[in-house]
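Participant:
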Amino acid sequence: MNYKGIIEKVYHDTKRLENHGKIATYIPELANVDPTMFGVHMTSLTGEGFGIGDNLEKFSIQSIAKVLSLTLAYKIVGEKIWKRVDVEPSGTRFDSLLLLEINNGIPRNPFINSGAIVICDILVSHLGNAKEEFLAFVRDVSNLPNLTYSDKIADSEKAHGYRNVALCNFIKSLGNIKNDPTEVLDFYFDMCSLEMNCQQLSYTLTYLANGGLKISDGSEIVSKPQSKRINALMLTCGFYDESGEFAFKVGLPGKSGVGGGIVAVYPHSYTIAVWSPLLNPNGNSYLGMKFLEEFTTQSDFTIF
Ligand code: DON
Numbered sequence: 001m002n003y004k005g006i007i008e009k010v011y012h013d014t015k016r017l018e019n020h021g022k023i024a025t026y027i028p029e030l031a032n033v034d035p036t037m038f039g040v041h042m043t044s045l046t047g048e049g050f051g052i053g054d055n056l057e058k059f060s061i062q063s064i065a066k067v068l069s070l071t072l073a074y075k076i077v078g079e080k081i082w083k084r085v086d087v088e089p090s091g092t093r094f095d096s097l098l099l100l101e102i103n104n105g106i107p108r109n110p111f112i113n114s115g116a117i118v119i120c121d122i123l124v125s126h127l128g129n130a131k132e133e134f135l136a137f138v139r140d141v142s143n144l145p146n147l148t149y150s151d152k153i154a155d156s157e158k159a160h161g162y163r164n165v166a167l168c169n170f171i172k173s174l175g176n177i178k179n180d181p182t183e184v185l186d187f188y189f190d191m192c193s194l195e196m197n198c199q200q201l202s203y204t205l206t207y208l209a210n211g212g213l214k215i216s217d218g219s220e221i222v223s224k225p226q227s228k229r230i231n232a233l234m235l236t237c238g239f240y241d242e243s244g245e246f247a248f249k250v251g252l253p254g255k256s257g258v259g260g261g262i263v264a265v266y267p268h269s270y271t272i273a274v275w276s277p278l279l280n281p282n283g284n285s286y287l288g289m290k291f292l293e294e295f296t297t298q299s300d301f302t303i304f
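Numbering (the numbering used here), first residue to last: 1 to 304.
1) Quick one: is the Cβ of G283 within less than 7 Å of any heavy atom of the ligand DON?
2) Whole-angstrom Cβ separation of S299 and I52, contact assumed at under 8 Å?
3) Opposite L279 in the DSSP bridges: which residues?
4) May I ask which residues mark the beginning and end of the beta strand (DSSP E) holding M1?
5) Measuring only from the beta carbon, is N109 closer than 7 Å to any heavy atom that is part of the ligand DON?
6) I want to check one thing, is the minimum distance from the CB of D95 to the heavy atoms of the ligand DON below 7 Å?
7) Taking 7 Å as the cut-off, is the C-beta of G257 nearer than that to any heavy atom in the ligand DON?
8) Do you know offhand how far T14's Cα is from T43's?
9) Which residues does DSSP pair with V40 in a beta bridge?
10) Here's a check: name, in chain order, each residue in its chain whose Cβ is nearer than 7 Å to the Cβ of N55, leaving out the five neighbours to either side.
11) Let me check you understand the geometry: is the CB of C168 closer than 7 Å to at least one non-hydrogen atom of the ligand DON?
12) At a cut-off of 7 Å, is S156 close to the ligand DON when judged by its beta-carbon and the heavy atoms of the ligand?
13) What three-state label does DSSP hand Y149 in the structure shown?
14) May I have a chain-ordered list of the alpha helix (DSSP H) segments no shorter than 4 residues that lie completely inside the segment 46-98?
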C-alpha cells in the first residue's frame, strides 16, 4: 500500500479545512505555541518512517506521557496495579473530580488525571527517585538519551494546576494516595512536561505495536499480555469523554494530550503521531482527529 501517498494527500486535505479548535490556555506556556503548526509522522515496525509538515518540531506531549508512566508502573507492580485504578472509560472530562467520591478514590482508568496521579503515587512508592528513574526509562524506550523535562512547562503547571492539586488531595483523603501529595504532584507535573516531535513520539510507542518489545533491539519493555491491555485502555479510555468517538471514527488505540499531540497504534504494523495545537471542546487536537479519521478510512490501516 502506498501509505506515503495517502499521508501526503490526507495531510494536505486536512490542512485546508477550517480549524475550529482552540489552543490550551490553562497554563501560559502552552498558550504561546504557534497555532498553525501541523505535523504527522508514521513509524513502521521495521523502523522505516515517513513524516510531513512540522513533524520535526518538538511540542509538549502532556497526557501522552501517561502511557509511559502506566507502562513503567505496570511493569513494576504487575496485575496488583488494578486494585488502585480501574479499567473503565470515565465518560467525563480528563480533569473531573466527579466519580471519585462514588468510587472511593479509585479512578476510573489510568489516563484521566486522577488515574495518572495514582500511577505517579505508585511509582513514587516503588522507585528511589521517581523523577530520575522515569526519565531514564523514557530515554531508553525512546532512544533519546538527552531527553529532559521542560522546566518552563512544569513550572507553569505547578503554578496553575489547581484542579490537579484538588484531585490529589481528594484521593489522599479517600486513602488511595500513599505518599505526600506535594511529592506526587511534583512528579506528575514533570511527567506531563516532556517534549518530543512527531517522529520521536511515533518511534517511542512502537513497542505497543510490537507486542511489548523494543523494535531496535527486541528487548522487552512490557510483556505481550501487558502490551495488549495497555492498547485496550488506549482504545477505550485514551480520549476521555471522546474515546468512543475516536474508536468509532479512527478505529485504533490512541492517546491525546492538551499540547495537541495524538499518537495512534496499529498493532503488528505501525504507530503514527499527529500534532496540531488547536483543540476541540474535549481537549483533543481538532485537526489531529480529522487527519487520523481520514487516514485510516483511506488506507484501511485500522483494527476494524
Ligand atoms: O494535568 C493536566 O491537566 C495536563 N498536564 C495534562 C492534561 C492532558 O493532556 C489532557 N489531554 N488531552
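Ideal Cβ placement from N, Cα and C applies to all residues, glycine included.
Facilitator: Put simply:
1) Translated into the one-based positions of the sequence shown, residue 283 becomes position 283. At least one heavy atom of the ligand DON is nearer than 7 Å to the Cβ of G283, so yes.
2) By 1-based counting over the sequence shown, the position of residue 299 is 299. By 1-based counting over the sequence shown, the position of residue 52 is 52. Not quite, the Cβ-Cβ distance comes to about 14 Å (not below 8 Å), so this is no contact.
3) Mapped onto the sequence shown, residue 279 falls at position 279. DSSP lists K22, S285 as partners of L279.
4) Taking the sequence shown and counting its residues from 1, the one referred to as residue 1 is at position 1. No beta strand (DSSP E) holds M1; DSSP gives it neither H nor E.
5) Counted from its first residue, the sequence shown places residue 109 at position 109. For the ligand DON, not one heavy atom lies less than 7 Å from the Cβ of N109.
6) Here residue 95 is taken as the residue at index 95 of the sequence shown, counted from 1. Result yes, Cβ under 7 Å from the ligand DON.
7) Mapped onto the sequence shown, residue 257 falls at position 257. Yes.
8) Position 14 of the sequence shown, counted from the start, is the residue given in the question as residue 14. Position 43 of the sequence shown, counted from the start, is the residue given in the question as residue 43. Taking the straight line joining both Cα atoms gives about 20 Å.
9) For this step, residue 40 is matched to residue 40 along the sequence shown. I52, V274, per the DSSP bridge assignment.
10) As a position in the sequence shown, residue 55 is number 55, starting the count at 1. These residues qualify, in order along the chain: G39, V40, H41, N197, C198, Q199.
11) As a position in the sequence shown, residue 168 is number 168, starting the count at 1. Result no, Cβ not under 7 Å from the ligand DON.
12) In the sequence shown, residue 156 corresponds to position 156, counting from 1. Because no heavy atom of the ligand DON lies under 7 Å away, the Cβ of S156 does not count as near it: no.
13) Numbered from 1 along the sequence shown, position 149 holds the residue referred to as residue 149. The answer is coil: DSSP assigns Y149 none of H, G, I, E or B.
14) 65-77
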